[in-house]
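Residue numbers (the numbering used here): 9 to 92.
Beta carbons are placed, not taken as given, at the ideal position from N, Cα and C, and that holds for glycine.
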């Protein structure tokens, strides 16, 4: 994958501007989508990297399970699967 791809850079910039709840919403909206194209790979990679930067666990995203529960590490109080 090419992180110099303008689509990746657009996703990266979009995710940087989002708060944690908006990132969670982006994850939830992607759950269960059957297609797999290069744009989706760039989207998922940029999303994972932003979650990592914020110390949010994305272990369930890694396997793309149709599951809303993601655990939060250390200083994060909420569970990504919950609506707060």
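Cβ neighbour criterion (16 or more within 10 Å) applied to residue i
i, result
"residue 58", "buried"
"residue 32", "buried"
"residue 52", "buried"
"residue 48", "exposed"
Test item: CB-CB of residue i and residue j under 9 Å
i, j, result
"residue 17", "residue 25", "no"
"residue 54", "residue 30", "no"
"residue 56", "residue 28", "no"
Alpha carbon of residue i to alpha carbon of residue j, nearest angstrom
i, j, result
"residue 50", "residue 15", "7 Å"
"residue 38", "residue 13", "21 Å"
"residue 36", "residue 23", "14 Å"
Output the residue ranges of the alpha helix (DSSP H) runs that lie fully inside the stretch 22-76 and measure 4 residues or longer, sorted by chain position. Fully enclosed alpha helix (DSSP H) runs of 4 or longer: 28-38, 46-61 and 67-70.
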